[in-house]
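The structure appears below as structure tokens.
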Amino acid sequence: MTDYKLFAVTGKPILHSKSPDIFNNIFANENVPNIYFRLAASNAQEAIQSFKTLKLSGMSVTAPCKTNIIQLIDYTHIDAKKINAVNTVVNKNGKISGFNTDFISIINSLKNKNIEIANKQCLVIGAGGAARAVVYALTTKNAKVTIVNRTIIKAKLLSTEFNCSYDSFEKLEANIVKAEIIVNCLPVNIEIPFDKLLNKNQVLIDMVYKKSSFTEAAQKIGCTLIKGEEILINQAIPAYHHFFDKQLNNEIAKKLLSDKTKKINFNKIAIIGFMGVGKTSIAKNLANELNYEFIDTDQIIEKNENQSITNIFKTKGEDYFRTKEKETLKNFLNKNKIVLSCGGGIIIDNENIKLLKKKFLVVWLFSSIETSIKRITDNSRPLINDNSLTNIEKIYKKRLPLYAQTCDIAINIENKSISEISQTIIFEIEMMK
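Per the numbering used here, the sequence shown runs over residues 19 to 451.
Rendered as structure tokens:
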């Protein structure tokens, strides 16, 4: 694969993100070899480190990285500074620039439904990061905004910053009744009788993917409803512009999300990655934590062939080994509660990629090429033994887009223990349930 660019969405949690569905469908529509994947990061420092390690062209940024990443990049756009959050970073000529497209998505989502914002009574429920972008969007368009939040001091501070109103959470119902545009920014369900408070003339925006009593009531009553997926698409469109310095046709993006989202099977986990990243150790630890069976494809092949991988390469060749590798993978397609540690080159076969993507939760463990080589201390690596450092780097670069293409989530193993990496995977799985 040549002339490709790598992009990612990063944060914690991140496995739920639908951004890869949008962008990879765009790339398929445009017939370009670019790849967009999910990148786990507990903080902004880790996100930027991974951005540089993988030489990404662009990255979408989610919580908890949006604010702290500002201190780690070379340029921040004025809107992102005012919102104090960056959700899009781009590598432009070696400099990392940051932008915010969240607020644009609010404005454009309303514009697409021919809804005027100026002078409208707007209620924003919540006062966190998502609410900041919403309040900024609405106030810049001269709406009359009221912020309601469980912690009133946060609502007060946000209202002071953007010169709008706030109210206590106890008065939420009264504010819902009089609002013309209501934006829900709370990630948890609010237990109030929306169906008795709303009217069909109101506009409701839900910033959350998950179905809630908020969206159910809006649909029942016939309000104009803008769901989280629509907001996501409308922030991806300007992000695309920052990534490529060109406009994306809005109609293309709107068609690309719905029915192409992969349903992940958490009963089968495949660990992929370049040699030296610790796939076997981490897979074994993860299997123990989940009470799953641990399986190592290389070990299975060695047992069946009664010789080492190195000897198989020497005596029978790489093609023979790859055939056995594919057979081994196929043997476990219908087995559940397993963690499969895959050989580093399993992704060079296109059929293997398709099988892994279809049947497994695929976790890509990565590090810098320098770290991987330092961690390889034995002589059991046939491709290491037979190649110079330069050739190993070529293999790494050749496989990089294949790992990105195959994975459901990527995890940087630098400066982390085996247990920490396993817990990251378990956390992401739990957050999806």
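The C-beta atom is built at its ideal place from N, Cα and C for all residues, glycine as well.
Small disclaimer: the values here were computed from a predicted structure and weren't measured.
Judging by CA-CA distance, which residue of the options is the nearest neighbour of residue i?
i	options	result
Lys355	Lys372, Lys377, Asp367 and Thr242	Lys377
Ile124	Thr28, Gly146 and Arg150	Arg150
Gln441	Ala305, Asp21 and Gly294	Ala305
Pro51	Lys353, Phe25 and Ile200	Phe25
Asn322	Phe284, Val152 and Phe339	Phe339
Asp337	Leu351, Lys353, Gly363 and Ile318	Gly363
Ile3	Ala257, His259, Lys228 and Met293	Residue 3 lies beyond the range of the chain shown here (19 to 451); nothing can be said about it.
Ala301	Ala173, Asn42, Val357 and Asp263	Val357
Met293	Ile319, Lys372, Asn219 and Thr389	Thr389
Asn118	Asn126, Lys99 and Asn130	Lys99
Phe55	Ile439, Leu418, Ile444 and Ser435	Leu418
Pro38	Ser60, Ser78, Val153 and Leu72	Ser78
Ile319	Tyr310, Glu311 and Lys334	Lys334
Ile255	Phe41, Ala155 and Thr20	Phe41
Glu7	Ile439, Lys129, Ile394 and Thr408	The requested residue 7 does not occur in the structure, where the chain is confined to residues 19 to 451.
Asn153	Lys172, Phe121, Lys174 and Lys131	A small correction: the amino acid at residue 153 is Val; Asn does not occupy that position in the sequence shown. Among Lys172, Phe121, Lys174 and Lys131, the Cα nearest to that of Val153 belongs to Phe121.
Ser186	Asn217, Leu141, Lys353 and Ser326	Leu141
Arg393	Asn283, Lys297, Asn409 and Asp263	Lys297
Just to confirm my understanding: we take residue i, look at its own chain, exclude 5 residues before and 5 after, and list those with CB closer than 6 Å. What are they?
i	result
Trp382	Ile290, Gly291, Tyr421, Cys425 and Ala428
Cys10	For the chain, the structure presents residues 19 to 451; residue 10 sits outside this window and is missing.
Ile133	Val221
Pro31	Glu446 and Met449
Ser437	none
Tyr258	Leu266
Thr94	Ile88 and Gly116
Leu374	Ala288, Val380 and Thr424
Gly29	Thr80, Ala81 and Cys83
Ile114	Ile91, Asp92 and Val107
Gly76	Phe25, Val108 and Phe261
Asp97	Asn118
What is the residue span of the beta strand (DSSP E) that residue i lies within?
i	result
Asn430	Ile427 to Asn430
Asp54	Contrary to the premise, residue 54 reads as Tyr rather than Asp in this sequence. Unbroken beta strand (DSSP E) run through Tyr54: Ile53 to Ala58.
Ile200	Ile199 to Asn202
Met77	Gly76 to Val79
Gly459	Nothing about residue 459 can be reported from this structure: the residues present for the chain run from 19 to 451 only.
Leu90	No beta strand (DSSP E) holds Leu90; DSSP gives it neither H nor E.
Thr106	Thr106 to Lys110
Phe25	Leu24 to Gly29
Lys286	Lys286 to Ile290
Gln139	Gln139 to Ile143
Ile135	Premise fails: Ile135 is in no beta strand (DSSP E) and is neither H nor E.
What residue does the alpha helix (DSSP H) around residue i start on, and which one ends it?
i	result
Glu323	Thr315 to Glu323
Phe261	Gly246 to Phe262
Thr233	Ser231 to Ile239
Asp337	Glu336 to Asn349
Tyr154	Gly147 to Thr158
Asp97	Ile96 to Ile101
Ser299	Lys297 to Leu308
Thr480	The first residue shown for the chain is 19 and the last is 451, placing residue 480 beyond what the model contains.
Lys214	Phe212 to Leu215
Ala192	Leu190 to Lys196
Phe445	Ile436 to Met450
Are residue i and residue j close, meaning C-beta to C-beta below 8 Å?
i	j	result
Ile210	Glu188	no
Leu250	Lys84	no
Asn430	Glu198	no
Asn370	Leu351	no
Ile143	Val201	yes
Asn219	Ser127	no
Asn47	Ile270	yes
Asn61	Asn86	yes
Ser435	Val295	no
Val27	Leu57	yes
Leaving aside the five residues before and after residue i along the sequence, list all residues of the same chain whose C-beta is less than 8 Å from its C-beta, in chain order.
i	result
Glu475	Since the first residue of the chain shown is 19 and the last is 451, residue 475 is not available in this structure.
Gln237	Leu243
Asp367	Arg340, Glu343 and Lys344
Thr157	Val163, Phe180, Asn181 and Cys182
Ile444	Leu304, Glu307 and Leu308
His34	Tyr227, Met449 and Met450
Asp131	For the sequence presented, residue 131 should be read as Lys rather than Asp. Result list for Lys131: Val221, Thr242 and Ile244, in chain order.
What does a CB cutoff of less than 7 Å around residue i pick up in its chain, not counting 5 residues either side in sequence?
i	result
Asn207	Ser230 and Ser231
Ser177	Ile165, Ser183 and Tyr184
Leu462	Coverage of the chain is limited to positions 19 through 451, which leaves residue 462 absent and any answer about it impossible.
Tyr22	Pro51, Asn52, Ile53 and Pro419
Gly146	Cys203
Gly246	Asp224, Met225, Val226 and Tyr227
Asp213	Ala235, Lys238 and Ile239
Pro205	Val226
- prompt: Does the stretch 127–145 come within contact of the stretch 155–168, defined as at least 3 CB pairs closer than 8 Å?
  reply: Cβ pair count under 8 Å is three or more, so yes.
query: Are three or more beta carbon pairs between the stretch 164–175 and the stretch 100–113 nearer than 8 Å?
result: Touching, no, given that fewer than three Cβ pairs across the two stretches are closer than 8 Å.
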